[in-house]
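Student: This is the structure I want to talk about, given as C-alpha cells.
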Amino acid sequence: MSDLPRKAVTRTAKLAALPLGFAGRATWGLGKRIVGESAEIVGRELQQRTAEQMFKVLGELKGGAMKFGQALSVFESALPEEIAGPYRAALTKLQEAAPPMPTRTVHTVLAERLGEDWKDLFLEFEDKPAAAASIGQVHRGVWHDGREVAVKVQYPGAGEALLSDLNQLSRFARLLGPLIPGMDIKPLIAELKDRVSEELDYGLEAQAQQAHAEEFADDPDVVVPAVVHHCDQILITEWIDGVPLSEVISDGTEEQRDRAGQLLARFLFSGPARTGLLHADPHPGNFRLLPGDPDSEEDWRLGVLDFGTVDRLPGGLPTPIGDSLRLTLDGEADTVYELLCAEGFVKDSIELDPDAVLDYLLPIIEPAQVDEFTFTRGWMRSQAARVADPRSPAYQLGKQLNLPPAYLLIHRVTLSTIGVLCQLGATVRLREELEEWLPGFAPEEPTDEEGSAAEA
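Under this note's numbering, the first residue of the sequence shown carries the number 266, and numbering increases by one thereafter.
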C-alpha cells in the first residue's frame with residue numbers, strides 16, 4: 266500500500282480543509298483590523314498563512330494537488346518580495362521532492378510490469394528514490410547493458426488521485442486567486458485536468474522524449490536522455506547528472522544563471538521548430554545544468570527531463586505569434602489588432618482601440634525589444650501589478666481579451682518560462698533566439714526583384 270493518500274474521502278477531507286482554513290484566517294484578519302492593525306500588514310500575514318497551509322497540503326498529497334503546486338511555483342516571481350520570501354522554501358520542495366512510496370510498493374509495481382525476474386534486468390537498482398514528483402518517482406539503477414538509468418515508477422492510483430484533487434481544487438479556485446496577482450487560476454486547473462490522461466500514458470511520454478533525444482543527440486547546448494525501455498507505469502531512460510535548476514536559482518553564480526537562462530529560452534523556442542513538440546512543464550525540477558569545461562560556464566549544457574506533458578505543434582509555434590510580436594515592436598497598431606481579431610484574441614462582439622491594445626502589449630514584450638534583457642523578480646512583479654490592479658487601464662483591457670484554446674498551453678508555457686528566467690535573474694539574448702526559431706518574427710529578406718526596385 267502506497268503512502269500516497271488515495272482514498273477519495275481522505276484526499277477530499279485534506280483539500281476541503283483548505284477553504285475552511287481560508288475562511289478562518291479571513292475572520293482572524295477582520296479581527297486584527299478591528300483592533301487597529303493596518304490592512305496591508307494584515308493582508309500580507311493572511312497571504313503568508315494561506316500559502317503555508319496550501320503548500321503543506323499539496324506536498325503531502327502529491328497527485329493533482331502537487332501538480333497544481335508545481336504549476337503555481339514558477340509564478341512566485343510575481344509576488345511582492347516580502348511575501349514571496351517565505352513561499353520559496355515550500356515551492357522548492359514541491360519542485361524537487363515529495364514523500365516516497367514504500368519499497369515494497371515499488372517492487373510490486375516493477376514485478377507486475379517487468380516480470381517477477383525484473384531484478385535480472387538491472388546490474389544495480391537503488392531502492393531509495395532519487396526524486397519524487399506528482400504522479401511517480403525516480404530510482405537510479407544500472408541497466409543490464411551497463412548504462413546508468415533513471416527508472417520512473419508511477420504511483421498506484423495516480424490517475425484517480427490526479428482527477429480527484431483537481432476536481433476538488435477547481436471548486437475553490439476563486440479563493441486561490443489572490444496568491445498569484447493577475448493570474449486566473451480556474452483555466453489553469455481546467456487545462457491540467459485536460460492533460461491528465463496524456464501524463465499518465467508513459468508510452469506517449471516515451472515517444473515525445475525519444476523524439477527530442479534523437480533531435481538533440483549531437484547538440485552542443487541541450488541534452489535529452491534517451492529512452493531505454495517503457496511499459497505501462499514504468500519508464501526507463503538514460504541517467505544524467507547535473508545541478509538542478511532550483512540550486513542554480515538559489516546558489517548559482519551570475520554566469521551559471523545567465524547560461525541556464527539562455528539555454529532555457531533556446532530550448533523553449535527551438536524545440537517546436539525541431540521536433541514539432543513543445544515541452545509543456547517548464548518548472549525548475551525538470552532541468553539540470555550539466556558542467557562542461559570547469560573553467561567556462563559557456564560550455565555548460567542544459568539537461569531536460571519529463572516529457573509527460575507536451576503540446577503537439579507539427580508546424581512549430583504558430584506564425585501569427587511571431588508576426589504579431591514583430592508588428593507590435595514596429596508600432597503597427599492597426600495591423601496587430603487585425604491579426605489578433607483574426608486569431609480570436611479579440612471576440613467579434615468586442616471592439617477595442619488598437620492603440621490601447623498596443624500600449625497593453627508593449628511592456629510585456631520588453632525583453633524582445635533589446636539585444637539583451639535582464640529578467641528580474643521586480644520586473645515580473647511590475648507586470649503582474651499592472652494587469653492585476655482594477656484601477657489600471659491594462660486590467661480593464663486585459664479582461665476583454667480572449668485566449669483561444671489553441672494558444673492556451675503555449676501561453677502558459679511562455680509565462681512559466683519567463684517566471685523561471687526571473688527566478689534565475691538571468692541576462693538573456695532573447696531577441697536572438699526569437700529571430701532564429703520563432704516563425705514570422707524575423708523580417709523577411711527582400712527578393713531580388715524587391716531589392717532592385719528599392720535600389721532604383
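Note that CB positions come from ideal geometry on N, CA and C, so glycine has one too.
Judging by CA-CA distance, which residue of Ile586, Asp459, Glu563 and Phe572 is the nearest neighbour of Gly251?
Tutor: There is simply no residue 251 to check, as the chain begins at 266 and stops at 721 in what is shown.
Student: Would you report the Cα separation of Arg539 and Glu701, rounded to the nearest angstrom?
Tutor: 12 Å
Student: Can you give me the C-alpha to C-alpha distance between Ala545 and Leu528, rounded to a whole angstrom?
Tutor: 16 Å
Student: From what residue to what residue does the beta strand (DSSP E) around Val575 run?
Tutor: Bounds of the beta strand (DSSP E) holding Val575 are Val575 to Arg577.
Student: What number of angstroms, rounded off, separates the C-alpha of Leu543 from the C-alpha of Asp613?
Tutor: 29 Å
Student: Residues bridged to Ala649 by DSSP?
Tutor: Partner(s): none; Ala649 has no beta bridge.
Student: Measure the beta-carbon distance from Leu427 to Ile454 and round it to whole angstroms, keeping in mind my assumption that it falls under 8 Å.
Tutor: About 11 Å separates the two Cβ atoms, so there is no contact after all.
Student: For Thr682, does the count of other Cβ atoms within 10 angstroms reach 16, so buried, or fall short, so exposed?
Tutor: buried
Student: So is Asp459 buried or exposed if we call it buried at 16+ other beta carbons inside 10 Å?
Tutor: With fewer than 16 Cβ atoms within 10 Å of its Cβ, Asp459 is classed as exposed.
Student: Return the CA-CA distance between Pro583 and Ala476, expressed in angstroms with no decimal places.
Tutor: Our two residues, Pro583 and Ala476, have alpha carbons roughly 20 Å apart in a direct line.
Student: By the three-class DSSP mapping on this structure, what secondary structure does Val461 have?
Tutor: helix
Student: In three-state DSSP terms, what is Trp565?
Tutor: The answer is coil: DSSP assigns Trp565 none of H, G, I, E or B.
Student: Specify whether the stretch 495-505 and the stretch 412-428 touch according to this definition: at least 3 beta carbon pairs, one from each stretch, less than 8 Å apart.
Tutor: yes
Student: According to DSSP, is Phe706 helix, strand or coil?
Tutor: coil
Student: Do you know offhand how far Phe706's Cα is from Pro537's?
Tutor: 15 Å
Student: Secondary structure at Gln419, three-state DSSP: helix, strand or coil?
Tutor: Under the three-state reduction of DSSP, Gln419 is assigned to strand.
Student: Count the other CB atoms within 10 Å of the CB of Gly401; is the residue buried (16 or more) or exposed (fewer)?
Tutor: Classification of Gly401: buried, given that the 10 Å Cβ count is 16 or more.
Student: Pull the bridge partners of Phe387 from the DSSP assignment, please.
Tutor: Trp408
Student: Ordered along the chain, which non-local residues of its own chain (more than five positions away) have a Cβ less than 7 Å from that of Ser657?
Tutor: Arg651
Student: DSSP state of Gly401, grouped into three classes?
Tutor: strand
Student: Suppose contacts are defined by Cβ-Cβ distances below 8 Å. Is Val513 in contact with Leu662 by that definition?
Tutor: no
Student: Under three-state DSSP, which class holds Ala491?
Tutor: coil
Student: CA-CA distance, Leu590 and Ile630?
Tutor: So the alpha carbons of these two residues sit roughly 8 Å apart.
Student: Could you give the DSSP three-state label for Val693: helix, strand or coil?
Tutor: Note: Val693 maps to strand in three-state DSSP.
Student: To the nearest angstrom, how far is the alpha carbon of Tyr467 from that of Pro452?
Tutor: 25 Å
Student: Which of the three DSSP states is assigned to Thr502 in this structure?
Tutor: Thr502 falls in the strand class under three-state DSSP.
Student: Helix, strand or coil: how does DSSP classify His548 here?
Tutor: coil
Student: In whole angstroms, what is the alpha-carbon distance linking Asp636 and Glu389?
Tutor: 49 Å
Student: Let me confirm a value: Arg369 is counted as buried when at least 16 other C-beta atoms fall within 10 Å, else exposed. Which label applies?
Tutor: exposed
Student: Indicate the three-state DSSP secondary structure (helix, strand or coil) for Gly294 in the structure shown.
Tutor: With a pLDDT of only 36 at Gly294, under 50, the local geometry of the prediction cannot be trusted, and the value read off the model is given with reservation. The answer is helix: DSSP assigns Gly294 an H, G or I state.
Student: Going by other Cβ atoms of all chains shown within 10 Å of its Cβ, with 16 needed for buried, is Gly301 buried or exposed?
Tutor: For Gly301, the predicted model reports a pLDDT of 39, less than 50, meaning its position is unreliable and no value from the coordinates is stated.
Student: Looking only at C-alpha atoms, which of Thr692, Leu570, Val488 and Val374 sits nearest to Thr639?
Tutor: Thr692
Student: Cα-Cα, which of Leu623, Asp382, Ile675 and Leu554 is closest to Val489?
Tutor: Leu554
Student: Pick out whichever of Val493, Ala482, Gly422 and Val492 has its Cα sitting closest to the Cα of Val461.
Tutor: For Val461, the closest of Val493, Ala482, Gly422 and Val492 by C-alpha to C-alpha distance is Gly422.
Student: Among Met366, Asp588 and Asp564, which one has its Cα closest to the Cα of Val487?
Tutor: Asp564
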